[in-house]
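Below is one structure, written out as structure tokens; comments come after it.
Number of protein chains: 2
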Amino acid sequence: MTNAERKRPGRPPGPSDTRDRILAVARELFARNGIDKTSIRAIAAQADVDPALVHHYFGTKTQLFAAAIHIPIDPMDVIGPLKKVPVEDIGRTLPSLLLPLWDSEAGKGFIATLRSLLAGNDPSLVRSFLQEVIAKEVGSRVDDPPGSGRLRVQFVASQLVGVVMARYILELEPFKSLPVEQIVDTIAPNLQRYLTGELPGLS
Amino acid sequence: MTNAERKRPGRPPGPSDTRDRILAVARELFARNGIDKTSIRAIAAQADVDPALVHHYFGTKTQLFAAAIHIPIDPMDVIGPLKKVPVEDIGRTLPSLLLPLWDSEAGKGFIATLRSLLAGNDPSLVRSFLQEVIAKEVGSRVDDPPGSGRLRVQFVASQLVGVVMARYILELEPFKSLPVEQIVDTIAPNLQRYLTGELPGLS
């Protein structure tokens with residue numbers, strides 16, 4: 023919706039108008055200040071709505087963030103199960119959760135977001151998600167030696183983003199048509215090494 | 023150079039005009055038919071120049087391809103040395119050659135090309151390069167069991183493209199500022215496993 027439409031006289035702002043405004047403000051504040059330092063309350067204030075309305079439309083802050091970057095699921099649906107998985111199984115569980123999601127209809131939004139930031143749009147939203155949510159939730163479990171968790175997760179991210187590139191954007195064959203299980207089985211040991219192996223420069 | 027400039031009356035078409043025309047035809051034919059099935063002779067014919075002029079401006083077909091996708095080096099400068107490296111060292115040699123290149127001024131063109139195809143432009147040029155040049159030159163050396171070389175190289179490509187994403191596009195910290203050696207040392211064993219390890223589904 024353009025500004026012109028929103029400000030058209032005689033048309034009162036409806037729910038979808040408010041929803042769009044909250045999303046626009048959320049994108050702006052998340053990109054500028056990161057997820058941690060952006061509160062629902064601050065978003066509500068700048069969008070000129072009650073914080074309760076933000077929760078009503080979008081749920082939690084993570085869910086609002088997911089909506090802001092067009093991820094059609096709650097990231098906690100992936101991160102939640104990961105919390106209960108033994109550390110030595112994360113390398114397998116992570117792609118087992120993500121690949122079917124990316125292969126699904128729901129994954130198209132994620133891939134569209136990735137495309138758009140590669141097109142030169144501001145990567146700070148995705149970076150913030152990786153650095154603040156994933157690094158905190160997953161990185162804290164593999165932070166051995168202390169301080170290494172964040173980098174371990176970034177190496178994992180590099181492999182996973184590369185899988186997205188090869189499968190959905192470059193569409194390499196046979197990679198694109200490989201069964202999910204074969205990709206999971208092939209990359210899992212490499213991801214696990216990044217998570218819990220002895221990596222150079224980390225001791 | 024814009025069309026308007028090129029067609030300005032009174033200015034005869036100069037060398038840079040011919041060069042641009044050859045590049046445009048090359049991009050079109052490489053994208054449509056792949057590298058293997060596109061000859062210098064076909065490009066010259068469609069650009070209405072002598073094949074010798076194409077060689078004069080651009081050198082070999084691989085060099086012309088590199089120019090067409092804005093890679094400012096001859097890919098054979100990387101692939102050539104790789105041919106002499108023992109197979110068990112390729113996992114380390116490949117990122118040792120590529121990362122300093124990507125970190126350099128010359129790497130900017132490569133990253134710009136990657137960005138543009140992620141923006142939704144046709145990925146067939148890069149796909150063709152990966153599938154026809156890299157898969158042939160590197161894949162043939164790691165084709166064990168027979169037929170697996172192409173997929174092994176695609177897993178390697180997925181990790182390497184992911185490094186480009188994390189370092190130059192998402193600009194994750196500390197990943198972005200890590201010394202080249204630390205990234206090489208960290209990913210080399212994983213690349214080597216893709217190249218020569220026992221991978222699931224390949225036997």
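So the protein lines, in turn, are chains D and E. In terms of my numbering, the first sequence opens at residue 23 and continues consecutively. In terms of my numbering, the second sequence opens at residue 23 and continues consecutively. For every residue, glycine included, the Cβ atom is placed at its ideal position computed from N, Cα and C.
Alpha helix (DSSP H) containing residue i: first to last residue?
i: D:T208; result: 202-218
i: E:Q85; result: 83-90
i: E:A98; result: The question names Ala, yet the displayed sequence has Met at residue 98 of chain E. First-last of the alpha helix (DSSP H) with E:M98: 97-106.
i: D:A64; result: 62-69
i: E:F80; result: 73-80
i: D:Q153; result: Careful: D:Q153 lies outside any alpha helix (DSSP H) and carries neither H nor E.
i: D:P168; result: That residue, D:P168, is in no alpha helix (DSSP H); it is neither H nor E in DSSP.
i: D:P122; result: 112-125
Whose Cβ in chain E lies nearer than 7 Å to the Cβ of residue i?
i: D:A188; result: Q176, A179, S180, V183
i: D:Q204; result: P222, G223
i: D:F52; result: Here the premise fails: no neighbours, minimum Cβ distance about 15 Å.
Out of the options, which one is the CA nearest neighbour of residue i?
i: D:T208; options: E:D70, E:H77, E:Q176, E:V183; result: E:Q176
i: E:R149; options: D:Q214, D:L136, D:I44, D:M187; result: D:M187
i: D:R163; options: D:Q153, D:L119, D:T218, D:V202; result: D:T218
i: D:G56; options: D:A66, D:E154, D:E195, D:V100; result: D:E154
i: E:L200; options: D:R174, D:N212, D:L136, D:T82; result: D:R174
i: E:W124; options: E:K198, E:A46, E:R41, E:K59; result: E:K198
i: E:R43; options: E:A66, E:V185, E:R54, E:P122; result: E:A66
i: D:A90; options: D:A53, D:P196, D:E110; result: D:A53
i: E:G171; options: E:A48, E:G161, E:V178, E:A179; result: E:G161
i: E:K158; options: E:L86, E:S38, E:V183, E:L104; result: E:L104
i: D:K83; options: D:A64, D:D166, D:V71, D:S38; result: D:A64
i: E:V202; options: E:L86, E:P122, E:S38; result: E:P122
i: D:L119; options: D:V100, D:L45, D:L136, D:K130; result: D:V100
i: E:D39; options: E:V71, E:D58, E:A88, E:V107; result: E:V71
i: E:L224; options: D:V183, D:R189, D:G169, D:P196; result: D:P196
i: E:E193; options: D:L147, D:R215, D:Y216; result: D:L147
i: D:I156; options: D:K59, D:R189, D:G102, D:E110; result: D:G102
i: E:D165; options: E:Y216, E:E127, E:S126, E:P145; result: E:Y216
i: E:P145; options: D:R189, D:H92, D:A88; result: D:R189
In chain D, which residues lie less than 7 Å from residue i when you measure between Cβ atoms?
i: E:R49; result: Within 7 Å Cβ-Cβ: nothing; E:R49 doesn't reach chain D, min ~17 Å.
i: E:R63; result: Result: empty, since nearest Cβ-Cβ is about 28 Å, beyond 7 Å.
i: E:T208; result: F177, L221, P222
Under 8 Å Cβ-Cβ, which residues of chain E neighbour residue i?
i: D:R149; result: L192, E193, L194
i: D:R215; result: P211, N212
i: D:L152; result: L192, L194
i: D:F45; result: Checking the displayed sequence, the identity of residue 45 of chain D turns out to be Leu instead of Phe. Within 8 Å Cβ-Cβ: nothing; D:L45 doesn't reach chain E, min ~22 Å.
i: D:F197; result: L173, Q176, F177, S180
Under 8 Å between beta-carbons, which chain D residues line up against residue i? List them in chain order, please.
i: E:F87; result: Those within 8 Å of E:F87 in chain D number zero; the least Cβ separation is about 16 Å.
i: E:L121; result: Near E:L121 there are no residues of chain D at all, since even the closest Cβ is about 12 Å away, more than 8 Å.
Pull up the CB-CB distance for residue i and residue j, whole angstroms please, since I reckon it's below 8 Å.
i: D:P211; j: D:G113; result: 7 Å
i: E:P117; j: E:L213; result: 7 Å
i: D:H77; j: D:I95; result: 18 Å between Cβ atoms; not a contact.
i: D:L152; j: D:A134; result: In fact, because the Cβ distance is near 17 Å, the residues do not count as touching under 8 Å.
i: D:R16; j: D:Y79; result: Any question about residue 16 of chain D goes unanswered here, given that chain D covers just 23 to 225.
i: D:V47; j: D:A74; result: In fact, because the Cβ distance is near 16 Å, the residues do not count as touching under 8 Å.
i: D:G184; j: E:V183; result: 5 Å
i: E:R137; j: E:I191; result: 7 Å
i: D:T115; j: D:V109; result: D:T115 to D:V109, Cβ: 10 Å. No contact.
Nearer than 7 Å: is that true of the beta carbon of residue i relative to any heavy atom of the ligand NAD?
i: E:P103; result: Within the structure as shown, the ligand NAD is missing, as the structure has no ligands at all.
Closer than 9 Å by beta-carbon distance: list the chain E residues that pair up with residue i, in chain order.
i: D:L75; result: Near D:L75 there are no residues of chain E at all, since even the closest Cβ is about 32 Å away, more than 9 Å.
For the region 154-170 of chain D, which residues have a beta carbon sitting closer than 8 Å to at least one beta carbon of chain E? Within the region 154-170 of chain D, no residue qualifies.
Can you pull out the residues from the region 100-122 of chain E whose beta carbon lies closer than 9 Å to at least one beta carbon of chain D? So the list is empty, because no residue satisfies the distance condition.
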